[in-house]
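To keep things clear, I will list the structure first and then write my remarks on it.
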Amino acid sequence: MIAAFTVIGIYVLGTFLISIYGHRAAQDTPQDYFLAGRSVGVTAMFFTLIATNFSAFFFLGFAGAGYRIGYSYYAMMSFSTAVVAFSFYFIGHKTWKISSENNFITPPEMIGELLHSKWLRFVFLSVMIVFTLPYIAIQPIGAGKILYTISGGQIPYFLGAVLLTFFIVFYVFWGGMRSVAWTDVFQGVVMFACIVTAMLVIAHQFGGIAEANRKAYELQPELFSRAGKGGYFTPKIWFSFSLLFLLSVPMFPQMFMRFFICRSPKSLKASATLYPIVTAILFICPVAIGVWGHMDFPGLDKQGSDNILPQMLNSSYFPSWLAITILLGAVAAFMSTLDSQLLALSSMITRDIYLVFIKPDASMKEQVFLGKILVVVLAVFGLAIAYNPPGTIFAIVKQAFTGLAMLFPTVVCAFYWKKTTAAACIASILCSEGLFVMYLFGFIPKSYAYGFLPVVPLTVIGFVIIMMVSLLQKRTV
Amino acid sequence: MKLRLVVVFAGILFLSQDYWNWSDEGQFSILGFPKVVTYFFVLQLALAVAIGLFSMKFWQEDQ
Numbered sequence: 056m057i058a059a060f061t062v063i064g065i066y067v068l069g070t071f072l073i074s075i076y077g078h079r080a081a082q083d084t085p086q087d088y089f090l091a092g093r094s095v096g097v098t099a100m101f102f103t104l105i106a107t108n109f110s111a112f113f114f115l116g117f118a119g120a121g122y123r124i125g126y127s128y129y130a131m132m133s134f135s136t137a138v139v140a141f142s143f144y145f146i147g148h149k150t151w152k153i154s155s156e157n158n159f160i161t162p163p164e165m166i167g168e169l170l171h172s173k174w175l176r177f178v179f180l181s182v183m184i185v186f187t188l189p190y191i192a193i194q195p196i197g198a199g200k201i202l203y204t205i206s207g208g209q210i211p212y213f214l215g216a217v218l219l220t221f222f223i224v225f226y227v228f229w230g231g232m233r234s235v236a237w238t239d240v241f242q243g244v245v246m247f248a249c250i251v252t253a254m255l256v257i258a259h260q261f262g263g264i265a266e267a268n269r270k271a272y273e274l275q276p277e278l279f280s281r282a283g284k285g286g287y288f289t290p291k292i293w294f295s296f297s298l299l300f301l302l303s304v305p306m307f308p309q310m311f312m313r314f315f316i317c318r319s320p321k322s323l324k325a326s327a328t329l330y331p332i333v334t335a336i337l338f339i340c341p342v343a344i345g346v347w348g349h350m351d352f353p354g355l356d357k358q359g360s361d362n363i364l365p366q367m368l369n370s371s372y373f374p375s376w377l378a379i380t381i382l383l384g385a386v387a388a389f390m391s392t393l394d395s396q397l398l399a400l401s402s403m404i405t406r407d408i409y410l411v412f413i414k415p416d417a418s419m420k421e422q423v424f425l426g427k428i429l430v431v432v433l434a435v436f437g438l439a440i441a442y443n444p445p446g447t448i449f450a451i452v453k454q455a456f457t458g459l460a461m462l463f464p465t466v467v468c469a470f471y472w473k474k475t476t477a478a479a480c481i482a483s484i485l486c487s488e489g490l491f492v493m494y495l496f497g498f499i500p501k502s503y504a505y506g507f508l509p510v511v512p513l514t515v516i517g518f519v520i521i522m523m524v525s526l527l528q529k530r531t532v
Numbered sequence: 195m196k197l198r199l200v201v202v203f204a205g206i207l208f209l210s211q212d213y214w215n216w217s218d219e220g221q222f223s224i225l226g227f228p229k230v231v232t233y234f235f236v237l238q239l240a241l242a243v244a245i246g247l248f249s250m251k252f253w254q255e256d257q
């Protein structure tokens, strides 16, 4: 218990000291509070992109999937995530250029202003909020559970969720994006060091990586197949996942806003090159731990397998201080995602609702103040839901990737096709989201996706609608 | 530069073809990981090289 509190204390102190930097450099302007004055350099940009994108699911969910599906999950997730690096160029660079030239602060603001439509801005914003807000509730649930495990049950689940969430609120409120970006560097390093250490220690206990794999292969040869256990990863599903991540990850508001904050495109270039290397190395670790879990904990169900990483850490391989330190990596992953989500949502509500529909002449100081208040309000809202989460929250989170990917055709056409109209984009977003909901509720047969995930046909439909409506409007005019 | 890019992408395509045709899942390679891991590890390093080359040559600061 003393070890647990010491490790947690050191981690919290480290994060706090770094956040002081953000506070000292902060100014009372929306550009500074929400975007760190567009001054984020190469190192911070790289880590903040990684740490924001890799949530606690990277630790716990990947290990569970490794247990159930096998090494094919590594191949699918790491490659599909690596492909996201392309979006740093064709979405990220364009976003950086347009937003810095026009002083845009949020993605809906940029898209709405590019096509001169406050209704497109509102529709774009609504989709982003619907699919991001549930995450604000989901993240504290995970954090509370991890803290409960770390403390050996001494810190109750909900108290842990409250403590960690309010620590995040404190440094986001205090230092805005500067604090978030620099704590992301620290949290990213902690996260990576922890997961690599965990894999190496566990492998050592089994006689090395090769020996661990050989033993696991004898038990579960299917876990080493290309298609994974049960043969789920067919070429069409592979293609679908690669497309899904490429289209959806840059549409998450916390990721999209990362393209606004860099000092120069050099940061994006370096991040794009390093991103596939990081996914190649890091994603092996939790998946391998999951596969090796069969040797000590055979026959786990879905819920049990999602807990395989903490179970392996709590086994005899690790001294308690090391197990706690490694689980802290999952806490760091959770914090680095939630802080960015809180800031992204607060900036969008301030700029795209308050400034557009309520008080267009709000001063810069007023916008920053409202943004800070919203960080607190959103965190309390998330905790209130986390106290007794309804099933719909999990259902929305599960579909968030596809839901957000439906914004992709609008962004690409707004950037690269001069004939694009706002009405066409609104029609594209509403139709593809509507079709997606009908698909989920069974009104559209699954066979209509031809073996792909729904994101593939829906994206094609989204692009076709934009092109047809835009051309029709131009012809009518 | 263009030739190097073509070589890298051709390499990726060649490895992709190899991946879908291969059936010896039980074999282990680099560091004792199975081939499914090794293949994608190499593929992603190739992807990083390709993106690095691309950004050096075609990604202009003022685009």
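So the protein sequences, as listed, match chains A and B. Each residue of the first sequence is one higher than the last, beginning at 56 in the working numbering. Each residue of the second sequence is one higher than the last, beginning at 195 in the working numbering. We put the CB at the ideal spot given by N, CA and C, even for glycine.
When the options are compared against residue i, the one with the closest alpha-carbon
i	options	result
M493(A)	A482(A), A478(A), C480(A), P509(A)	P509(A)
A460(A)	L169(A), V235(A), L302(A)	L302(A)
A59(A)	F222(A), A434(A), L383(A)	L383(A)
F186(A)	L400(A), P512(A), K149(A)	L400(A)
F102(A)	S326(A), A248(A), R530(A)	S326(A)
E277(A)	H349(A), D87(A), I250(A)	H349(A)
I413(A)	K420(A), T405(A), M419(A)	T405(A)
E421(A)	G69(A), A80(A), Q86(A)	Q86(A)
I63(A)	P163(A), D356(A), G215(A), K152(A)	G215(A)
S402(A)	R79(A), Y126(A), P163(A)	P163(A)
I316(A)	C486(A), I160(A), S133(A), A111(A)	I160(A)
S94(A)	S319(A), K324(A), H78(A)	S319(A)
A385(A)	C249(A), W472(A), F352(A)	C249(A)
P445(A)	H171(A), S154(A), A192(A)	A192(A)
G243(A)	D351(A), A99(A), K284(A), F177(A)	A99(A)
W253(B)	M312(A), L180(A), G147(A), G283(A)	G147(A)
A540(A)	V201(B), K251(B), L225(B)	Here chain A has residues from 56 to 532 only, and residue 540(A) is not among them.
L218(A)	G208(A), G207(A), P195(A)	P195(A)
Y287(A)	T531(A), F456(A), A130(A), L410(A)	A130(A)
A137(A)	K251(B), L239(B), F248(B), S249(B)	L239(B)
W293(A)	A482(A), G69(A), G506(A)	G506(A)
G246(B)	F338(A), S135(A), F143(A), I339(A)	F143(A)
K284(A)	F338(A), Y471(A), I124(A)	I124(A)
Y226(A)	S395(A), T334(A), F213(A)	S395(A)
Environment of residue i [buried if 16+ CB atoms lie within 10 Å]
i	result
M523(A)	exposed
T61(A)	exposed
L274(A)	exposed
N157(A)	exposed
M183(A)	buried
G458(A)	buried
S418(A)	exposed
P331(A)	buried
W237(A)	buried
P500(A)	exposed
F241(A)	buried
E488(A)	buried
Q257(B)	Note that Q257(B) scores 49 on pLDDT, short of 50, meaning its location in the model is unreliable and no value can be drawn from it.
L323(A)	buried
G262(A)	exposed
L527(A)	exposed
Q358(A)	exposed
Residue i in three-state terms, based on DSSP
i	result
P276(A)	helix
V139(A)	coil
P445(A)	coil
P500(A)	coil
P305(A)	helix
K251(B)	helix
P228(B)	strand
Q257(B)	Its pLDDT being 49, under 50, Q257(B) is placed unreliably in this model, and the coordinates cannot settle the point.
Q209(A)	coil
F507(A)	coil
R281(A)	coil
G147(A)	helix
S157(A)	This sequence places Asn at residue 157(A); Ser is not what is there. Correct three-state label for N157(A): helix.
Flag this pair as touching only if the region 103-120 of chain A and the region 384-398 of chain A have three or more C-beta atom pairs under 8 Å; answer yes or no. yes
Whether or not the region 109-123 of chain A and the region 196-205 of chain A are in contact is what I'm after, with contact meaning three or more pairs of Cβ atoms, one per stretch, closer than 8 Å; do they touch? yes
Validate contact between the region 252-265 of chain A and the region 361-373 of chain A using beta carbons, cut 8 Å, 3 pairs: yes
Cβ contact (3+ pairs, closer than 8 Å) linking the region 71-87 of chain A and the region 225-245 of chain A: yes
Extract the residue ranges of the beta strand (DSSP E) inside the region 397-469 of chain A, only unbroken runs of 3 or more that lie entirely within it. Within the region 397-469 of chain A, no complete beta strand (DSSP E) run reaches 3 residues.
Just checking, does the region 359-366 of chain A make contact with the region 335-346 of chain A on the three C-beta pairs under 8 Å criterion? yes
Please specify which runs of the alpha helix (DSSP H), each continuous and at least 4 residues long, are wholly inside the region 72-128 of chain A, giving them in chain order. 85-90, 97-108, 111-123
Kindly confirm or deny that the region 472-492 of chain A and the region 162-176 of chain A touch, where touching means at least three C-beta pairs closer than 8 Å. yes
May I have a chain-ordered list of the alpha helix (DSSP H) segments no shorter than 4 residues that lie completely inside the region 302-374 of chain A? 308-311, 320-337, 339-351, 357-360, 363-369
Could you tell me which uninterrupted alpha helix (DSSP H) segments, each at least 4 residues in length, are contained entirely in the region 242-271 of chain A, listed from first to last along the chain? none
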